[in-house]
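**Student:**
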Amino acid sequence: QIHLMESGGGLVQPGGSLRLSCTASGSISSINSMGWYREAPGKQRELVAGLTKAGDPAYAEFAEGRFTISRDNAKNSIDLQMNSLKPEDTALYSCAVYDLRGSDYWGQGTQVTVSS
Numbered sequence: 265q266i267h268l269m270e271s272g273g274g275l276v277q278p279g280g281s282l283r284l285s286c287t288a289s290g291s292i293s294s295i296n297s298m299g300w301y302r303e304a305p306g307k308q309r310e311l312v313a314g315l316t317k318a319g320d321p322a323y324a325e326f327a328e329g330r331f332t333i334s335r336d337n338a339k340n341s342i343d344l345q346m347n348s349l350k351p352e353d354t355a356l357y358s359c360a361v362y363d364l365r366g367s368d369y370w371g372q373g374t375q376v377t378v379s380s
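Rendered as structure tokens:
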């Protein structure tokens with residue numbers, strides 16, 4: 265079992281930055297890949313950025329060049345640095361990890377609101 269808890273969301277003005285963190289606990293040695301997702305009101309959940317166990321990142325087109333996903337093994341966290349935020353980035357951001365058996369685990373999410 266893997267437990268995830270996100271933090272770092274909040275209200276930010278357009279053009280601002282936020283750093284989201286997802287802290288993992290439990291069977292973290294079984295984590296194979298991980299990612300950040302978001303869900304805006306009235307829209308389907310979408311992948312923001314993913315990271316393989318080897319550390320190879322992948323980004324959605326809207327995140328490329330603005331967001332950076334990283335893993336801090338010392339803190340057992342998966343972080344998402346978001347720069348140049350836009351109002352359309354407003355959403356509930358959740359992290360997910362996939363273990364070696366293909367099971368997925370999700371956090372509760374953290375709200376990001378970009379507004380002036």
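Residue numbering for the sequence shown follows my numbering, beginning at 265 and increasing consecutively. Note that CB positions come from ideal geometry on N, CA and C, so glycine has one too. Computed from a prediction, not measured in an experiment: that's the story for all the values here.
#1: Let's see if you can read the secondary structure: which residues bound the beta strand (DSSP E) around G274?
#2: For D363 and R335, I'd like the C-alpha separation in whole angstroms.
#3: Please tell me whether A322 and G314 are closer than 8 Å, where the distance is taken between their beta carbons.
#4: By Cβ distance, which residues of its chain are closer than 7 Å to V276, with the 5 residues on each side in sequence left out?
#5: Are N340 and A288 touching if we call contact CB-CB under 8 Å?
#6: Sort Q375, I342, I266, G274 by Cα distance to S285 and report the nearest one.
#7: With H, G and I counted as helix, E and B as strand and the rest as coil, what does DSSP make of Q320?
**Tutor:** Checking against the coordinates, here is how it stands:
#1: Along the sequence shown, read from residue 1 onward, the residue named residue 274 stands at position 10. Looking at the DSSP string, the run of the beta strand (DSSP E) that includes G274 is 274 to 276.
#2: The sequence position of residue 363 within the sequence shown is 99, counting from 1. The sequence position of residue 335 within the sequence shown is 71, counting from 1. So the alpha carbons of these two residues sit roughly 16 Å apart.
#3: Within the sequence shown, the letter at position 58 stands for residue 322. Within the sequence shown, the letter at position 50 stands for residue 314. Taking 8 Å as the Cβ cut-off, A322 and G314 qualify as a contacting pair.
#4: The residue you call residue 276 lines up with position 12 of the sequence shown. So the list reads L282, L349, V378, once near-sequence residues are dropped.
#5: The sequence position of residue 340 within the sequence shown is 76, counting from 1. The sequence position of residue 288 within the sequence shown is 24, counting from 1. It is a contact, given that the beta carbons lie within the stated cut-off.
#6: Translated into the one-based positions of the sequence shown, residue 285 becomes position 21. Minimum Cα distance to S285 is reached at I342.
#7: Translated into the one-based positions of the sequence shown, residue 320 becomes position 56. The amino acid occupying residue 320 in the given sequence is Asp; Gln does not appear at that position. Here D320 sits in coil by DSSP.
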